[in-house]
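Participant: Below are the C-alpha coordinates for one structure; questions will follow.
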Amino acid sequence: MAEVLVLVEVAPDGSGVRKTTLEALTAARALGEPSAVVLGAPGTAASVKGALAEYGAAKVYVGESEDIDAYLVAPKAEVLAQLVAEKSPAAVVIPSTPEGKEIAGRLAIKTGSGFLTDVTDIAADGTATQVAFAGGTIVHSKVTTGTPIYTLRGNSVTPEPAPGAAAEEQVAVSISDAAKQTRVTDRVVEQKSDRPELTEAAIIVSGGRGVASAENFSVIEGLADSLGAAVGASRAAVDSGFYPHSFQVGQTGKTVSPQLYIAVGISGAIQHRAGMQTSKTIVAVNKDPEAPIFELADFGVVGDLNTVVPAATQQITARK
1206 MAEVLVLVEV
1216 APDGSGVRKT
1226 TLEALTAARA
1236 LGEPSAVVLG
1246 APGTAASVKG
1256 ALAEYGAAKV
1266 YVGESEDIDA
1276 YLVAPKAEVL
1286 AQLVAEKSPA
1296 AVVIPSTPEG
1306 KEIAGRLAIK
1316 TGSGFLTDVT
1326 DIAADGTATQ
1336 VAFAGGTIVH
1346 SKVTTGTPIY
1356 TLRGNSVTPE
1366 PAPGAAAEEQ
1376 VAVSISDAAK
1386 QTRVTDRVVE
1396 QKSDRPELTE
1406 AAIIVSGGRG
1416 VASAENFSVI
1426 EGLADSLGAA
1436 VGASRAAVDS
1446 GFYPHSFQVG
1456 QTGKTVSPQL
1466 YIAVGISGAI
1476 QHRAGMQTSK
1486 TIVAVNKDPE
1496 APIFELADFG
1506 VVGDLNTVVP
1516 AATQQITARK
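So for the sequence shown, this note's numbering puts the first residue at 1206; every next one is plus one.
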(Lines of atoms letter the chains of each structure in order from A and count residues from 1; the text may use other names and numbers.)
(Lines give C-alpha, C1' and ligand atoms only; values in the text may rest on other atoms or scores of the structure.)
Protein backbone atom coordinates (compact mmCIF):
# COMPACT_ATOMS: atom_id res chain seq x y z
CA MET A 1 0.00 0.00 0.00
CA ALA A 2 1.23 3.50 -0.84
CA GLU A 3 2.64 5.58 1.98
CA VAL A 4 1.09 8.97 2.84
CA LEU A 5 2.97 11.40 5.06
CA VAL A 6 0.94 13.31 7.65
CA LEU A 7 2.57 16.24 9.44
CA VAL A 8 1.78 16.15 13.16
CA GLU A 9 0.64 19.23 15.06
CA VAL A 10 1.29 19.16 18.79
CA ALA A 11 -0.64 21.28 21.30
CA PRO A 12 1.27 24.49 22.18
CA ASP A 13 1.67 23.36 25.78
CA GLY A 14 3.05 20.00 24.65
CA SER A 15 0.16 18.12 26.23
CA GLY A 16 -0.58 15.95 23.20
CA VAL A 17 -1.54 15.80 19.55
CA ARG A 18 -4.09 18.27 18.22
CA LYS A 19 -7.41 17.09 16.83
CA THR A 20 -6.46 18.50 13.43
CA THR A 21 -3.77 15.82 13.15
CA LEU A 22 -6.21 13.02 13.93
CA GLU A 23 -8.48 14.35 11.19
CA ALA A 24 -5.54 14.41 8.76
CA LEU A 25 -4.60 10.82 9.62
CA THR A 26 -8.20 9.76 8.97
CA ALA A 27 -8.38 11.60 5.62
CA ALA A 28 -5.00 10.22 4.52
CA ARG A 29 -6.30 6.65 4.68
CA ALA A 30 -8.23 7.28 1.46
CA LEU A 31 -4.90 7.58 -0.35
CA GLY A 32 -2.89 4.85 1.33
CA GLU A 33 -1.15 3.97 4.58
CA PRO A 34 -0.60 7.01 6.84
CA SER A 35 2.83 7.68 8.30
CA ALA A 36 3.02 10.45 10.89
CA VAL A 37 5.88 12.96 10.81
CA VAL A 38 6.81 14.52 14.17
CA LEU A 39 9.12 17.53 13.96
CA GLY A 40 10.09 19.49 17.03
CA ALA A 41 12.27 19.72 20.10
CA PRO A 42 13.73 16.54 21.66
CA GLY A 43 11.03 14.58 23.47
CA THR A 44 8.13 15.79 21.33
CA ALA A 45 7.26 12.38 19.88
CA ALA A 46 6.97 10.70 23.27
CA SER A 47 3.86 12.71 24.17
CA VAL A 48 1.97 11.93 20.97
CA LYS A 49 3.00 8.46 19.82
CA GLY A 50 0.13 6.70 21.59
CA ALA A 51 -2.52 8.87 19.90
CA LEU A 52 -0.85 8.46 16.52
CA ALA A 53 -0.93 4.67 16.88
CA GLU A 54 -4.59 4.78 17.90
CA TYR A 55 -5.52 6.72 14.76
CA GLY A 56 -3.73 4.60 12.21
CA ALA A 57 -0.12 5.72 11.87
CA ALA A 58 1.79 2.76 10.46
CA LYS A 59 5.08 4.59 11.02
CA VAL A 60 6.17 7.59 13.03
CA TYR A 61 9.07 9.52 11.52
CA VAL A 62 10.76 11.41 14.32
CA GLY A 63 12.83 14.48 13.52
CA GLU A 64 13.76 16.11 16.79
CA SER A 65 16.31 18.88 17.15
CA GLU A 66 16.80 22.11 19.04
CA ASP A 67 17.29 23.74 15.62
CA ILE A 68 13.74 22.85 14.59
CA ASP A 69 12.37 24.34 17.79
CA ALA A 70 14.58 27.43 17.79
CA TYR A 71 13.52 28.83 14.40
CA LEU A 72 10.25 29.46 12.59
CA VAL A 73 8.70 27.11 10.02
CA ALA A 74 11.56 26.96 7.52
CA PRO A 75 13.42 24.07 9.25
CA LYS A 76 10.24 21.97 9.36
CA ALA A 77 9.63 22.52 5.65
CA GLU A 78 13.23 21.63 4.88
CA VAL A 79 13.21 18.37 6.86
CA LEU A 80 9.84 17.40 5.43
CA ALA A 81 11.16 18.02 1.90
CA GLN A 82 14.15 15.78 2.63
CA LEU A 83 11.76 13.06 3.83
CA VAL A 84 9.60 13.37 0.70
CA ALA A 85 12.68 12.99 -1.50
CA GLU A 86 13.82 9.93 0.45
CA LYS A 87 10.48 8.09 0.87
CA SER A 88 8.64 9.12 -2.34
CA PRO A 89 5.20 9.09 -0.67
CA ALA A 90 1.94 9.03 -2.59
CA ALA A 91 0.94 12.33 -0.96
CA VAL A 92 1.46 14.65 1.99
CA VAL A 93 -1.43 15.77 4.20
CA ILE A 94 -1.01 18.73 6.57
CA PRO A 95 -3.55 20.38 8.91
CA SER A 96 -4.78 23.65 7.39
CA THR A 97 -3.60 25.94 10.17
CA PRO A 98 -1.56 29.12 9.59
CA GLU A 99 1.69 27.23 10.24
CA GLY A 100 0.53 24.20 8.27
CA LYS A 101 -0.30 26.30 5.20
CA GLU A 102 3.09 28.01 5.26
CA ILE A 103 4.92 24.69 5.58
CA ALA A 104 2.85 23.25 2.73
CA GLY A 105 3.61 26.21 0.48
CA ARG A 106 7.34 25.99 1.17
CA LEU A 107 7.25 22.22 0.67
CA ALA A 108 5.51 22.61 -2.70
CA ILE A 109 8.27 24.94 -3.91
CA LYS A 110 11.09 22.73 -2.60
CA THR A 111 9.69 19.57 -4.20
CA GLY A 112 8.20 21.08 -7.37
CA SER A 113 4.80 19.74 -6.42
CA GLY A 114 1.17 20.77 -6.75
CA PHE A 115 -0.51 22.08 -3.60
CA LEU A 116 -4.22 22.21 -2.71
CA THR A 117 -5.19 24.18 0.39
CA ASP A 118 -8.22 24.13 2.69
CA VAL A 119 -9.57 20.88 1.27
CA THR A 120 -12.62 19.37 2.93
CA ASP A 121 -12.37 15.87 1.47
CA ILE A 122 -9.84 13.69 -0.34
CA ALA A 123 -11.00 10.86 -2.62
CA ALA A 124 -9.14 7.61 -3.24
CA ASP A 125 -7.99 8.83 -6.67
CA GLY A 126 -6.48 11.98 -5.13
CA THR A 127 -9.30 14.32 -6.10
CA ALA A 128 -9.81 16.98 -3.42
CA THR A 129 -12.94 18.96 -2.60
CA GLN A 130 -12.63 22.68 -1.86
CA VAL A 131 -15.09 25.48 -1.14
CA ALA A 132 -14.40 28.57 -3.25
CA PHE A 133 -15.69 32.12 -3.84
CA ALA A 134 -16.92 32.69 -0.29
CA GLY A 135 -18.68 29.34 -0.33
CA GLY A 136 -20.59 29.93 -3.56
CA THR A 137 -18.80 27.18 -5.49
CA ILE A 138 -17.69 23.62 -4.73
CA VAL A 139 -14.46 22.77 -6.58
CA HIS A 140 -12.99 19.33 -7.27
CA SER A 141 -9.26 19.49 -8.02
CA LYS A 142 -6.40 17.07 -8.57
CA VAL A 143 -2.65 17.56 -8.42
CA THR A 144 -0.90 16.54 -11.63
CA THR A 145 2.70 17.54 -10.82
CA GLY A 146 5.08 16.06 -8.27
CA THR A 147 3.90 14.73 -4.90
CA PRO A 148 0.35 15.92 -4.12
CA ILE A 149 0.27 18.16 -1.06
CA TYR A 150 -3.00 18.88 0.75
CA THR A 151 -3.88 21.04 3.73
CA LEU A 152 -7.05 19.74 5.38
CA ARG A 153 -9.57 22.21 6.79
CA GLY A 154 -10.36 21.57 10.46
CA ASN A 155 -13.57 19.70 11.31
CA SER A 156 -14.06 18.60 7.69
CA VAL A 157 -13.38 14.97 8.59
CA THR A 158 -14.49 13.10 11.71
CA PRO A 159 -11.46 11.42 13.34
CA GLU A 160 -11.89 7.66 13.34
CA PRO A 161 -9.62 5.32 15.35
CA ALA A 162 -7.84 2.64 13.32
CA PRO A 163 -4.98 1.02 15.25
CA GLY A 164 -1.58 1.28 13.57
CA ALA A 165 1.84 -0.09 14.40
CA ALA A 166 3.39 3.37 14.82
CA ALA A 167 6.84 1.92 14.20
CA GLU A 168 9.29 4.66 15.10
CA GLU A 169 11.98 5.69 12.64
CA GLN A 170 14.49 8.42 13.37
CA VAL A 171 15.03 11.12 10.76
CA ALA A 172 18.43 12.77 10.40
CA VAL A 173 17.93 16.50 10.90
CA SER A 174 20.18 18.68 8.76
CA ILE A 175 19.17 22.34 8.66
CA SER A 176 20.73 24.78 6.19
CA ASP A 177 21.80 28.28 7.13
CA ALA A 178 19.08 29.62 4.85
CA ALA A 179 16.45 28.02 7.09
CA LYS A 180 17.87 29.78 10.16
CA GLN A 181 17.12 33.34 9.15
CA THR A 182 14.36 33.90 11.73
CA ARG A 183 14.92 32.80 15.30
CA VAL A 184 12.21 32.37 17.94
CA THR A 185 13.14 34.63 20.84
CA ASP A 186 10.19 33.96 23.13
CA ARG A 187 7.00 31.93 23.38
CA VAL A 188 3.87 32.85 25.29
CA VAL A 189 1.27 30.13 25.82
CA GLU A 190 -2.19 31.61 25.40
CA GLN A 191 -4.35 31.26 28.46
CA LYS A 192 -7.09 28.81 27.61
CA SER A 193 -10.60 28.82 28.98
CA ASP A 194 -12.52 25.65 29.75
CA ARG A 195 -14.28 26.01 26.40
CA PRO A 196 -13.08 24.10 23.31
CA GLU A 197 -10.74 25.70 20.79
CA LEU A 198 -12.88 27.54 18.22
CA THR A 199 -11.43 25.87 15.10
CA GLU A 200 -11.63 22.39 16.65
CA ALA A 201 -14.99 22.58 18.43
CA ALA A 202 -17.80 20.21 17.53
CA ILE A 203 -20.38 22.81 18.63
CA ILE A 204 -20.10 26.59 18.26
CA VAL A 205 -22.44 29.32 19.45
CA SER A 206 -21.76 32.64 17.69
CA GLY A 207 -23.16 36.07 18.42
CA GLY A 208 -23.57 38.97 16.03
CA ARG A 209 -24.53 42.62 15.99
CA GLY A 210 -27.95 41.69 17.34
CA VAL A 211 -26.42 40.80 20.72
CA ALA A 212 -26.12 44.59 21.10
CA SER A 213 -23.37 44.83 23.73
CA ALA A 214 -20.31 43.21 25.24
CA GLU A 215 -22.20 42.64 28.49
CA ASN A 216 -24.99 40.83 26.67
CA PHE A 217 -22.51 38.33 25.22
CA SER A 218 -22.94 36.54 28.56
CA VAL A 219 -26.17 35.20 27.03
CA ILE A 220 -24.13 33.62 24.22
CA GLU A 221 -21.55 32.26 26.67
CA GLY A 222 -24.29 30.76 28.84
CA LEU A 223 -25.75 28.77 25.95
CA ALA A 224 -22.28 27.70 24.82
CA ASP A 225 -21.35 26.47 28.30
CA SER A 226 -24.59 24.49 28.61
CA LEU A 227 -23.66 22.66 25.38
CA GLY A 228 -19.94 22.34 26.04
CA ALA A 229 -19.43 24.55 23.00
CA ALA A 230 -16.97 27.18 21.80
CA VAL A 231 -17.97 30.83 21.46
CA GLY A 232 -17.66 32.69 18.17
CA ALA A 233 -18.58 36.13 16.89
CA SER A 234 -19.33 37.86 13.61
CA ARG A 235 -17.18 40.65 12.22
CA ALA A 236 -19.87 43.19 13.10
CA ALA A 237 -19.76 42.03 16.72
CA VAL A 238 -15.99 42.18 17.08
CA ASP A 239 -15.72 45.50 15.22
CA SER A 240 -18.27 46.89 17.67
CA GLY A 241 -16.11 45.75 20.56
CA PHE A 242 -18.56 43.15 21.81
CA TYR A 243 -16.04 40.29 21.73
CA PRO A 244 -12.29 39.84 20.99
CA HIS A 245 -11.18 39.61 17.34
CA SER A 246 -9.55 36.25 18.00
CA PHE A 247 -13.06 34.74 18.12
CA GLN A 248 -14.19 36.13 14.76
CA VAL A 249 -15.72 33.63 12.35
CA GLY A 250 -15.84 34.53 8.67
CA GLN A 251 -13.91 35.35 5.53
CA THR A 252 -11.52 37.65 7.41
CA GLY A 253 -11.63 35.59 10.60
CA LYS A 254 -11.50 31.89 11.33
CA THR A 255 -13.03 29.18 9.17
CA VAL A 256 -14.95 26.57 11.13
CA SER A 257 -16.89 23.45 10.25
CA PRO A 258 -18.47 22.07 13.45
CA GLN A 259 -21.19 19.47 13.76
CA LEU A 260 -23.53 22.18 15.10
CA TYR A 261 -23.31 25.93 14.52
CA ILE A 262 -25.77 28.22 16.30
CA ALA A 263 -25.88 31.75 14.87
CA VAL A 264 -27.48 34.20 17.28
CA GLY A 265 -28.28 37.74 16.18
CA ILE A 266 -26.25 37.27 12.98
CA SER A 267 -27.78 38.57 9.75
CA GLY A 268 -25.83 36.17 7.53
CA ALA A 269 -23.69 38.40 5.32
CA ILE A 270 -21.68 36.46 2.73
CA GLN A 271 -18.41 37.25 4.55
CA HIS A 272 -19.66 35.44 7.66
CA ARG A 273 -21.19 32.58 5.71
CA ALA A 274 -17.85 31.92 4.03
CA GLY A 275 -16.38 30.99 7.39
CA MET A 276 -19.09 28.63 8.68
CA GLN A 277 -21.38 27.36 5.93
CA THR A 278 -19.74 23.93 5.77
CA SER A 279 -21.06 23.28 9.30
CA LYS A 280 -23.02 20.03 9.41
CA THR A 281 -26.12 21.54 11.06
CA ILE A 282 -26.87 25.27 11.30
CA VAL A 283 -29.40 26.82 13.66
CA ALA A 284 -30.24 30.53 13.40
CA VAL A 285 -31.91 32.80 15.94
CA ASN A 286 -32.89 36.22 14.61
CA LYS A 287 -35.82 38.59 15.09
CA ASP A 288 -35.82 39.48 11.38
CA PRO A 289 -37.62 36.76 9.39
CA GLU A 290 -35.98 38.07 6.19
CA ALA A 291 -32.41 37.73 7.50
CA PRO A 292 -30.17 35.99 4.91
CA ILE A 293 -28.94 33.53 7.55
CA PHE A 294 -32.27 31.71 7.32
CA GLU A 295 -31.51 30.78 3.69
CA LEU A 296 -28.55 28.77 4.96
CA ALA A 297 -29.95 27.45 8.25
CA ASP A 298 -31.28 23.94 8.74
CA PHE A 299 -33.43 25.19 11.62
CA GLY A 300 -34.48 28.76 12.34
CA VAL A 301 -36.10 30.58 15.24
CA VAL A 302 -37.65 33.99 14.60
CA GLY A 303 -37.64 35.83 17.90
CA ASP A 304 -35.84 38.02 20.40
CA LEU A 305 -32.53 36.38 21.29
CA ASN A 306 -32.81 37.75 24.84
CA THR A 307 -35.88 35.56 25.28
CA VAL A 308 -35.06 32.57 23.08
CA VAL A 309 -31.46 31.91 24.12
CA PRO A 310 -31.92 32.03 27.94
CA ALA A 311 -34.95 29.75 27.59
CA ALA A 312 -32.95 27.28 25.51
CA THR A 313 -30.06 27.40 27.99
CA GLN A 314 -32.46 26.69 30.85
CA GLN A 315 -34.02 23.71 29.09
CA ILE A 316 -30.63 22.24 28.16
CA THR A 317 -29.29 22.66 31.67
CA ALA A 318 -32.40 21.07 33.16
CA ARG A 319 -31.92 17.94 31.04
CA LYS A 320 -28.37 17.27 32.19
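Where a beta carbon is used, it is the ideal one built from N, C-alpha and C, also for glycine.
Where residue 1324 and residue 1415 are concerned, what is the direct C-alpha to C-alpha distance, given to the nearest angstrom?
Facilitator: Computed Cα separation, rounded: 32 Å.
Participant: Taking the alpha carbon of residue 1270 as the reference point, which residue from 1387, 1523, 1281 and 1262 has its own alpha carbon closest?
Facilitator: Among 1387, 1523, 1281 and 1262, the Cα nearest to that of residue 1270 belongs to 1281.
Participant: Are there three or more Cβ pairs, one per stretch, closer than 8 Å when the region 1353-1360 is compared with the region 1217-1233?
Facilitator: Judged by Cβ distances under 8 Å, the region 1353-1360 makes contact with the region 1217-1233, as three or more pairs qualify.
Participant: Nearest to residue 1421 by CA position, among 1403, 1432, 1431 and 1442, is which residue?
Facilitator: Nearest of 1403, 1432, 1431 and 1442 to residue 1421, Cα basis: 1442.
Participant: Could you tell me the boundaries of the alpha helix (DSSP H) in which residue 1441 lies?
Facilitator: Its alpha helix (DSSP H) spans residues 1440-1444.
Participant: Just curious, the alpha helix (DSSP H) that residue 1300 is in, first and last residue?
Facilitator: Careful: residue 1300 lies outside any alpha helix (DSSP H), inside the beta strand (DSSP E) at 1296-1300.
Participant: Could you round the C-beta distance between residue 1424 and residue 1515 to whole angstroms and report it? I think they count as a contact, below 8 Å.
Facilitator: Sure, about 6 Å apart at Cβ, within 8 Å.
Participant: For residue 1324, which three-state DSSP category applies?
Facilitator: If DSSP states are grouped into helix, strand and coil, residue 1324 belongs with the strands.
Participant: Using CA atoms only, rank isn't needed, just tell me which of 1283, 1278 and 1498 is closest to residue 1379.
Facilitator: Per the Cα distances, 1283.
Participant: Starting from residue 1491, follow its DSSP beta bridges and name the residues at the other end.
Facilitator: Partner(s): 1507.
Participant: Which whole-angstrom value describes the C-beta separation of residue 1428 and residue 1308, a residue pair presumed to lie in contact below a C-beta threshold of 8 Å?
Facilitator: That pair is no contact at about 36 Å.
Participant: Are the region 1431-1448 and the region 1405-1413 touching, with three or more C-beta to C-beta distances below 8 Å?
Facilitator: Because the criterion of three Cβ pairs below 8 Å is met, the region 1431-1448 and the region 1405-1413 touch.
Participant: Rounding to the nearest angstrom, what Cα-Cα distance links residue 1499 and residue 1251 in this structure?
Facilitator: Distance between the alpha carbons of residue 1499 and residue 1251: 47 Å.
Participant: Would you check if the distance between the CB atom of residue 1508 and the CB atom of residue 1477 is smaller than 8 Å?
Facilitator: Not in contact: residue 1508 and residue 1477 (Cβ atoms no closer than 8 Å).
Participant: On the three-pair Cβ rule with 8 Å, is the region 1455-1475 touching the region 1487-1501?
Facilitator: The region 1455-1475, when compared against the region 1487-1501, does touch it at the 8 Å Cβ threshold.
Participant: Suppose you measure from the CA of residue 1466 to the CA of residue 1259; what does that come to, to the nearest Å?
Facilitator: Whole-angstrom Cα-Cα distance: 28 Å.
Participant: For the beta strand (DSSP E) containing residue 1268, name the first residue and the last one.
Facilitator: Here the beta strand (DSSP E) through residue 1268 covers 1264-1269.
Participant: Return helix, strand or coil for residue 1459, following the three-state DSSP convention.
Facilitator: Residue state, collapsed to three classes: strand.
Participant: Taking the alpha-carbon of residue 1459 as reference, which of 1264, 1352, 1402 and 1505 has the nearest alpha-carbon?
Facilitator: Comparing Cα-Cα distances from residue 1459 to each of 1264, 1352, 1402 and 1505, the minimum goes to 1402.
Participant: Leaving aside the five residues before and after residue 1348 along the sequence, list all residues of the same chain whose C-beta is less than 6 Å from its C-beta, in chain order.
Facilitator: Answer for residue 1348: 1319, listed in chain order.
Participant: Of the choices 1274, 1432 and 1506, whose alpha-carbon is the least far from that of residue 1523?
Facilitator: Nearest C-alpha to residue 1523: 1432.
Participant: For my contact list, residue 1276 and residue 1384 are in at a C-beta cut-off of 8 Å; report their separation, rounded to the angstrom.
Facilitator: Rounded, the Cβ-Cβ distance is 7 Å, consistent with contact.
Participant: For residue 1453, is the classification buried or exposed, using 16 other Cβ atoms within 10 angstroms of its Cβ as the cut-off for buried?
Facilitator: Result: buried.
Participant: Taking the continuous beta strand (DSSP E) assigned at residue 1354, which residues delimit it?
Facilitator: Looking at the DSSP string, the run of the beta strand (DSSP E) that includes residue 1354 is 1354-1357.
Participant: Of all the beta strand (DSSP E) runs that stay within the bounds of the region 1394-1439, which reach a length of 3 or more residues?
Facilitator: Counting only runs of 3 or more, we get 1408-1412 and 1435-1438.
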